[in-house]
Amino acid sequence: MGEFEVHRVRFFGLVPAGVRCLAYQSRGSRLALARTDGAVEIYNFGVNYFQEKVIPGHETRSVEALCWAAGDRLFGAGLSGDITEYDLARLCVSHSVDGGGGPIWSMGANGSGTQLAIGCEDGSVKLYQVVPGGIQFEQNLDRRKGRILCLSWHPSGSHIVAGSIDMFRVLDVSSGITVQTVMVNYHVQKVKRECIVWSIAFLSSGTVITSDSFGRVQFWGWEQGTLQESYTVSASSALSLAVSESEDSLIVGTSTGATYQFQLLPVKMDSQEKRWVRTKPFQYHTHDVRAVAHSSTALISGGLDAQLVIRPLMEKVSKKGYDVALRRFTFPHRRLVSCARKARLLLFQFSQHLELWRLGSTEETGKDGEVLPLCRMPEHLVQLKSKGPEHIYCSCVSPCGSWVAYSTASRFHLCRVQCEGSNISVKKVPEVPKLLLPAYQLQFSSNSRRLFIGSARGSVHILHLLEPGGCRHLHTFQPPSGSSEAIYLLASSTDGLWLAAVGGDWVIHVYNLKYLKYHCTVPMYNCAVTALAIHPLINTLVIAYSDQQLFEFSILKKKYTSWSRMVQQRGLHKAWLERDAPITHITFNPKKPSHILLHDLYMFCVLDKSLPLPKNSTLLMNQNTLKQLPETARKQELHAFKICKKFQPLLFVDLLDDNCLVVVERPIMDFKTQLPLPIQQKKFGT
-17 MGEFEVHRVR FFGLVPAGVR CLAYQSRGSR LALARTDGAV EIYNFGVNYF QEKVIPGHET
43 RSVEALCWAA GDRLFGAGLS GDITEYDLAR LCVSHSVDGG GGPIWSMGAN GSGTQLAIGC
103 EDGSVKLYQV VPGGIQFEQN LDRRKGRILC LSWHPSGSHI VAGSIDMFRV LDVSSGITVQ
163 TVMVNYHVQK VKRECIVWSI AFLSSGTVIT SDSFGRVQFW GWEQGTLQES YTVSASSALS
223 LAVSESEDSL IVGTSTGATY QFQLLPVKMD SQEKRWVRTK PFQYHTHDVR AVAHSSTALI
283 SGGLDAQLVI RPLMEKVSKK GYDVALRRFT FPHRRLVSCA RKARLLLFQF SQHLELWRLG
343 STEETGKDGE VLPLCRMPEH LVQLKSKGPE HIYCSCVSPC GSWVAYSTAS RFHLCRVQCE
403 GSNISVKKVP EVPKLLLPAY QLQFSSNSRR LFIGSARGSV HILHLLEPGG CRHLHTFQPP
463 SGSSEAIYLL ASSTDGLWLA AVGGDWVIHV YNLKYLKYHC TVPMYNCAVT ALAIHPLINT
523 LVIAYSDQQL FEFSILKKKY TSWSRMVQQR GLHKAWLERD APITHITFNP KKPSHILLHD
583 LYMFCVLDKS LPLPKNSTLL MNQNTLKQLP ETARKQELHA FKICKKFQPL LFVDLLDDNC
643 LVVVERPIMD FKTQLPLPIQ QKKFGT
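Just so we're aligned, residue -17 is where the sequence shown starts under the working numbering, counting upward by one.
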C-alpha cells in the first residue's frame, strides 16, 4: 500500500436526524424514509439497498406519515396540515394541498392506490382521490373528538380503522359513518392514565391489531369489538407496527429500542387453527423505534438513533449467505465533505450551514502507526449560514480554497473567500446567472476557473469564474436522448478537457469541455452509480456501482479498457462483492498511475492494477494482517486490493499530495452522546 502521512479528522460535528416514518413499496422494492428534520430518502432494495435519492428537509415541513399511491407516486403529510406529493425525478416538492383539519398525524392509501385517507388533529378522517397531477378532496368521514394518531385501510377498501386516545373506530367508507367504537382500556382495571393508540393495522380477516402507550400489542375482532389476544412487549410504549402482505407476520417497534416479530402459527401440527405468537425479539436500536416496515423478505426498522436496520428473514430468502446478512445504515450514501487540496481546507456541509476548516500541520516524522505532534492546530475559519427554512442540497469548495458554492431548493450561492494570515473575508458574488434550480451537484475544475452545476433533467451548467469575484454563464450541456432525472454525480478531468455526469436514470454521459459538446455515453449497467472519477494522466473513467462492481472506461476510445474487461471475466473477490457500504469517493495518485484510491464507510482501499486480482480462495486481508505474516507468505498473498480498516466510520478520504491523506471520521458514539437520553431498562444483576 505504501506509507501515507494521514490527517485524521474527527471534528466534523454531524448529527444525523432520527427516522420518523417509513413506507415500503413492494412492487418496486423501494423504501421511502422520512427523518425528523423533514428530509425524505429513497432506498432501492433491488440495487443492494442503495440510497438512490435524497430530498433535503425544510424547517417548516415535518413529515409524520409517508405512503405510496398510484404506482410510483409518493405522498407525505405532517404537522403543517399539508398533504405533499414529492417529485422523485427533480427531488423536490411537486405540490401541496391543505388538508383542512389542522395538523395531520397519519395517512394511508387504499389497496389500489386510488384514494388517500388522512387522520387530523380535529378528529376527522378525510378522503382524497388520487388523480393525474395531484389529489382531489372526496369526503369527510364521521368526525369525533380526539386527534387521529393512526389509521389503516381494510384490504378491500370498504372500511378504515382509526386509532385515537383510549379507543379506535371503524368507519364505513361508502357511508362515512362510524360502525364500531372500541375502548382499548375496557379490560384494564383502575386505569389512571390515558392510553394512546400509536399504531394500527386492519387485516383482511377483520382482525384489528393495535400497539399502544401501555406497551401492548392487541388483536381485536372489529365486528363485535372483542379482544382476542393481548401481549405486553414493553414496560413503556409500543410505538409502531407493520404487517406483511401475506398477513402472517408483523413487526413491532418500542420506545426502549427493541423490536419484536409476531408470527401467525398453527396451534398444533397440521392444525387449521392458528394463533399469533411472539417469536423473535431484537435490540438493534438505542432509542425510540418510531417507524417499522415489513417487506416480503425482511423486517425494517428506523429509530431516533438515526439508524435504519434491515434484517432479512432467513425462512423467506431462498439463496442463503449474503442475502441473510443484517444491514445498518446511519450515514448518507453521498459526500458531505469537500476538500481544497492546494489550500488544505475542508468544507463540511450541515443542514443549514457550512463550516470551512484549515487542517493542522506537523514538522515531525515518525514510524508507521505513530501519532505525530502538531505544530499548528486545525482552525475553524468561517461558518456560512443559509438564510431561510430550506436545507442545503449540495456544496463544494474550489481546489485553491478561494471559492465556495452551495445551493438550496430555491437559491444558488457563490462566495469568494480570501484568507490572509488570520484575517478571513467572505464576499457573496452578487450577480449569479439565473439557472434551473435547485443545483443537485457542484464541482470546481482542477484550476478553479470553472464551476460545473448538475441540474434537473440531466442538464449541466458551466460557470466561468472571474477575478476578483464574479462569474458568467458559459454553456449548458443537455443529454442527447433527454432525461427527466436530476444529476447527482459529476467528475471532471485534471486537464480540463472532459466532464462526466450521471443522473437518476444511472446513465453516464461524457462531454467535451474544449469544444463544449457531447462526446459519448458509457454502456448502460443495471445498477446505480455510487462514485466516479477521471484518471488525471490517461483520462479513463473509473466507475463504482452499488453492487460493488468496478469498471474502467476509456474516454478517448469510447470503450471499456482491457483491465476492466479482465475484471469482468475473472470476477472480483467474493468478500469484496459482499460488502454492505457503497464506494462513495474515488481518487488517484499521479505519482503511481496504476493506483486507484477508493473508500466506503468502513474501509479505505488502494487498488493496484499492476497486481493480480485475488482469488476467492485467498483471504482479502487488511494491511495489519498482512504485516504479521512472514515475507514468503506475504508475497504469496499479495494481490491488487490493499485494504485498511483502521479508520471508521469514514465519511471522506482524499489525497492532498503524493504521500499525504486526509481522513474524516465520525465515530457513532460521538453523535449518540448528543441525542436525548434513551429509556433506561433494568438489567439482570444491577
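From the three backbone atoms N, C-alpha and C, an ideal C-beta is built for every residue, glycine too.
Could you check which residue in V164, E176 and T569 has the C-alpha nearest to that of V190?
The residue labelled residue 190 in the question sits at position 208 within the sequence shown. For V190, the nearest C-alpha among the options comes from V164.
Just confirm the distance between the C-beta atoms of G84 and V112, as a whole number of angstroms; I'd bet it's less than 8 angstroms.
As a first step, residue 84 must be located in the sequence shown, where it is residue number 102. As a first step, residue 112 must be located in the sequence shown, where it is residue number 130. The Cβ separation is near 22 angstroms, so there is no contact.
Among S427, Q423, T18 and A438, which one has its Cα closest to the Cα of S384?
On the sequence shown, position 402 is the one that residue 384 refers to. Cα-wise, what sits closest to S384 is S427.
Going by other Cβ atoms of all chains shown within 10 Å of its Cβ, with 16 needed for buried, is N92 buried or exposed?
Residue mapping note: residue 92 aligns to position 110 of the sequence shown, counting from 1. Classification for N92: buried.
For I537, count neighbouring C-beta atoms within 10 Å of its own C-beta (all shown protein chains included) and say buried if the count is 16 or more, exposed if not.
As a working note, residue 537 is residue 555 in the sequence shown. Looking at its Cβ environment, which holds 16 or more other Cβ atoms inside 10 Å, I537 is buried.
The beta strand (DSSP E) spanning I490 covers which residue range?
Mapped onto the sequence shown, residue 490 falls at position 508. Per DSSP, I490 belongs to the beta strand (DSSP E) from I490 to N494.
E46 versus L223 - alpha carbon distance
Position 64 of the sequence shown, counted from the start, is the residue given in the question as residue 46. Position 241 of the sequence shown, counted from the start, is the residue given in the question as residue 223. So the two alpha carbons sit approximately 15 angstroms from each other.
Give me the Cα-Cα distance between N521 and R316, rounded to the nearest whole angstrom.
As a first step, residue 521 is located in the sequence shown; it is residue number 539 there, counting from the start. As a first step, residue 316 is located in the sequence shown; it is residue number 334 there, counting from the start. The alpha-carbon atoms of N521 and R316 are separated by roughly 24 angstroms.
Taking just the CA atoms, how far does R310 sit from L532?
The residue you call residue 532 lines up with position 550 of the sequence shown. The residue you call residue 310 lines up with position 328 of the sequence shown. Rounded to whole angstroms, L532 to R310 spans 23 angstroms at the Cα level.
For a quick check, are the C-beta atoms of A322 and C397 less than 8 angstroms apart?
For this step, residue 322 is matched to residue 340 along the sequence shown. For this step, residue 397 is matched to residue 415 along the sequence shown. No, these two residues do not count as a Cβ contact at 8 angstroms.
Boundaries of the alpha helix (DSSP H) in which E613 is found, first to last residue:
Working through the sequence shown from its first residue, we reach residue 613 at position 631. From DSSP, the alpha helix (DSSP H) with E613 extends over E613 to E619.
Using beta-carbon positions only, say whether E647 and P658 come within less than 8 angstroms of one another.
Counting from 1 along the sequence shown, the entry for residue 647 is found at position 665. Counting from 1 along the sequence shown, the entry for residue 658 is found at position 676. No, they are not a contact pair.
Suppose the cutoff is 7 angstroms on Cβ atoms and the five residues either side in sequence are ignored; what does the same chain contact list for G478 look like?
Residue 478 sits at position 496 when you count from the first residue of the sequence shown. Contacts found: S427, S428, N429 and L495.
Hey, how far is the Cα of V588 from the Cα of H621?
Looking up residue 588 in the sequence shown gives position 606. Looking up residue 621 in the sequence shown gives position 639. Approximately 11 angstroms, taken between the alpha carbons.
Whole-angstrom C-beta distance between F653 and L(-4), which should lie under 8 angstroms
For the purposes of this step, residue -4 is taken as residue 14 along the sequence shown, with counting starting at 1. For the purposes of this step, residue 653 is taken as residue 671 along the sequence shown, with counting starting at 1. The Cβ separation is near 7 angstroms, so the contact holds.
Report the three-state DSSP secondary structure of W718 (helix, strand or coil).
Because the chain spans -17 through 668 in this model, residue 718 falls outside it and cannot be assessed.
Cutting at 7 angstroms between CB atoms, please list the residues of its own chain near M673, excluding the five before and the five after it.
The structure shown does not extend to residue 673, since the chain is modelled only from -17 to 668, so the question has no answer here.
Go ahead and pull the three-state DSSP assignment for E346.
Start at 1 with the first residue of the sequence shown, and residue 346 comes out as number 364. Coil, per DSSP.
Name the two residues that bound the continuous beta strand (DSSP E) containing L286.
The residue labelled residue 286 in the question sits at position 304 within the sequence shown. Taken as a continuous stretch (DSSP letters only), L286 belongs to no beta strand (DSSP E), as it is neither H nor E.
Of the choices V143, I147, R175 and E176, whose alpha-carbon is the least far from that of T160?
For the purposes of this step, residue 160 is taken as the residue at position 178 of the sequence shown. Looking at the Cα atoms, V143 is the closest of the given residues.
Which listed residue (L595, L554, Q200 and L15) has its alpha carbon closest to that of I282
Taking the sequence shown and counting its residues from 1, one reaches residue 282 at position 300. Considering only alpha carbons, the answer is L15.
My output table needs one value for E297: the three-state DSSP class, helix, strand or coil.
Counting from one through the sequence shown, the residue named residue 297 turns up at place 315. Helix, per DSSP.
When you compare only the Cα positions, how much space is there between L341 and V(-9)?
Here residue 341 refers to the residue found at position 359 when the sequence shown is read from its first residue. Here residue -9 refers to the residue found at position 9 when the sequence shown is read from its first residue. Straight-line Cα distance between these residues: approximately 8 angstroms.
Terminal residues of the continuous alpha helix (DSSP H) containing V29?
Stepping through the sequence shown from its first residue, residue 29 is reached at position 47. No alpha helix (DSSP H) contains V29, which DSSP labels as neither H nor E.
CA-CA distance, Q118 and Y110?
As a position in the sequence shown, residue 118 is number 136, starting the count at 1. As a position in the sequence shown, residue 110 is number 128, starting the count at 1. Answer to the nearest angstrom: the Cα atoms are 5 angstroms apart.
Out of curiosity, what's the CA-to-CA distance linking L481 and L185?
As a first step, residue 481 must be located in the sequence shown, where it is residue number 499. As a first step, residue 185 must be located in the sequence shown, where it is residue number 203. So the alpha carbons of these two residues sit roughly 53 angstroms apart.
How far does the beta strand (DSSP E) with S222 in it reach, from first residue to last?
On the sequence shown, position 240 is the one that residue 222 refers to. A220 to V225 is the extent of the beta strand (DSSP E) around S222.
Length of the line joining the Cα atoms of N571 and A515:
Within the sequence shown, numbered from 1, the residue matching residue 571 stands at position 589. Within the sequence shown, numbered from 1, the residue matching residue 515 stands at position 533. Cα to Cα, N571 sits roughly 12 angstroms from A515.
Cut-off 7 angstroms between Cβ atoms - residues of its own chain near Y68, not counting five sequence neighbours on either side
What you label residue 68 is simply residue 86 of the sequence shown in a count that begins at 1. Excluding residues within five positions, the ones whose Cβ falls inside 7 angstroms are V22, I37, L56, G58, V75 and S76.
To the nearest angstrom, how far is it from the Cα of T512 to the Cα of K628?
Indexing the sequence shown from 1 puts residue 512 at position 530. Indexing the sequence shown from 1 puts residue 628 at position 646. Computed Cα separation, rounded: 23 angstroms.
Taking all protein chains shown into account, decide if S181 is buried (16 or more other Cβ within 10 angstroms of its Cβ) or exposed.
By 1-based counting over the sequence shown, the position of residue 181 is 199. Counting Cβ neighbours within 10 Å, S181 comes out buried, since at least 16 surround it.
Any idea which residues DSSP pairs H395 with across the strands?
Within the sequence shown, the letter at position 413 stands for residue 395. According to DSSP, which records beta bridges pairwise, H395 is partnered with Y388.
Which residue comes first and which comes last in the beta strand (DSSP E) that contains D590?
Residue mapping note: residue 590 aligns to position 608 of the sequence shown, counting from 1. Taken as a continuous stretch (DSSP letters only), the beta strand (DSSP E) holding D590 covers F586 to D590.
Rounded C-alpha distance that separates E467 from I130:
Mapped onto the sequence shown, residue 467 falls at position 485. Mapped onto the sequence shown, residue 130 falls at position 148. Approximately 36 angstroms between the Cα atoms of the pair.
Cut-off 8 angstroms between Cβ atoms - residues of its own chain near D230, not counting five sequence neighbours on either side:
Residue numbering aside, residue 230 sits at position 248 when the sequence shown is read from its first letter. Result list for D230: Q245 and L246, in chain order.
With a threshold of 7 angstroms on Cβ separation, who are the neighbours of C357 within its own chain once the five nearest residues in sequence on each side are excluded?
Position 375 of the sequence shown, counting from 1, holds the residue named residue 357. Contacts found: S343, T344 and E345.
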